[in-house]
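In full-length UniProt numbering, the protein residues as written are 1 to 65.
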């Protein structure tokens with residue numbers, strides 16, 4: 001298992017995958033990527049509630065308010 005800076009977990013299944021990852025990681029240490037602009041937008045509360053309701057219906061779980 002390995003974890004990126006965004007805390008996403010992934011598996012390295014073979015020695016070749018591990019070696020390739022380590023090469024990319026080592027190159028990134030010597031020449032880190034430049035972040036020029038980043039942004040995160042959050043949906044409003046109403047949109048999030050609608051998404052949750054849709055997912056609950058799809059999964060067959062209903063909660064009453």
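Positions of the beta carbon are idealized from the N, C-alpha and C atoms, including for glycine.
Taking residue 43 as reference, the option from 28, 33, 52 with the minimal CA-CA separation is 52. Residue 14 sits in coil when the DSSP states are folded into three classes, being neither helix nor strand. Between residue 12 and residue 21, the beta carbon gap of about 6 Å places them in contact (Cβ cut-off 8 Å). When only Cα atoms are considered, residue 29 and residue 56 end up about 43 Å apart.
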